[in-house]
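In what follows, a structure is listed as structure tokens, so that the remarks can point back to it.
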Amino acid sequence: MRYEYKSEASAIITFDAKGTSGLAENVELKFSTVHIRLYKSEDKPGFFSGALAVAAHKDDEGYVLELSLNDSLRSRNWEHEEIPSFDYDFDTGEPSGFYYETQLNDHDFNSITNAVRCHFSEKIEDGRHLLFFDVKIDGTSFRGHALIDEELYHIKSKEISGR
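Just so we're aligned, residue 137 is where the sequence shown starts under the numbering used here, counting upward by one.
Listed below in structure tokens is the structure:
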């Protein structure tokens, strides 16, 4: 099956989402495969950014849904009002500014595919269940996460037996 993406990635790594560690037994994903897509920085030579692509779902423009991989060490520990939001260029209507980029270090886009590690994590915040897909790339300082939209998974109710 051919998927249509907004832009070309420099490297793509495919994972079986349902087989990825950290997913609680009561969480049912509405997709089975994810792609980590890595992009060369347009501004900084030797740097890259990443996105989590969920090919089973499309964005508002009909492209494969891509969730930005954000800096786990900074954004998860900040209060909500301190997290940088996307600024918009009012002339073009496009987001500008905040992209989490790190250096390739000793990697290139061929070798980096073997260094990607991922898992799910979750937390409850203000009564809401938050599901994250965490990505670490060995040999780099990259520690990113994507917040999985609530429409992409279902929490199965815990049934009480013996009643």
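For every residue, glycine included, the Cβ atom is placed at its ideal position computed from N, Cα and C. The structure displayed is predicted, hence computed values, not measured ones.
Would you decide whether residue i is buried or exposed? Buried here means 16 or more other CB atoms lie within 10 Å of its CB.
i, result
"E218", "For E218, the predicted structure reports a pLDDT of 37, less than 50, and the residue's modelled location is therefore unreliable. A value from the coordinates is still provided. Classification of E218: exposed, given that the 10 Å Cβ count is below 16."
"S157", "exposed"
"R253", "exposed"
"H290", "exposed"
"H243", "buried"
Taking only the alpha-carbon atoms, compute the straight-line gap between residue i and residue j and give it to the nearest angstrom.
i, j, result
"E164", "K292", "7 Å"
"P181", "D274", "19 Å"
"K154", "G263", "25 Å"
"A250", "E178", "Per the sequence presented here, residue 250 reads as Asn, with Ala not at that position. So the alpha carbons of these two residues sit roughly 23 Å apart."
"L288", "Y199", "16 Å"
"I172", "K166", "17 Å"
"L188", "E261", "22 Å"
"N162", "D285", "16 Å"
"E144", "K176", "10 Å"
"Y78", "L266", "The question about residue 78 has no answer here: the residues shown for the chain are numbered 137 through 299."
"H193", "I149", "18 Å"
"K259", "A191", "25 Å"
Take residue i and list the residues in its own chain whose beta-carbon comes closer than 7 Å to its own, dropping the five residues that flank it on each side.
i, result
"S208", "D270, R279, G280, H281"
"Y236", "S185, L205, N206, D207, G280"
"S257", "G158, F268, D270"
Going by the beta-carbon positions, is the gap between residue i and residue j smaller than 8 Å?
i, j, result
"I248", "A160", "no"
"L201", "F245", "no"
Among the residues of its own chain, which have a CB less than 6 Å from the CB of residue i, if the five just before and after it don't count?
i, result
"T276", "T238, N241"
"D195", "L201"
"D203", "A quick correction: the sequence has Leu, not Asp, at residue 203. The residues are L188, A282."
"K142", "Y199"
"F183", "S177, E237, Q239"
"K272", "R253, R279"
Leaving out five residues on either side along the sequence, give the residues of the same chain with a beta carbon under 8 Å from the beta carbon of residue i.
i, result
"F151", "T169, V170, H171, I172, C254"
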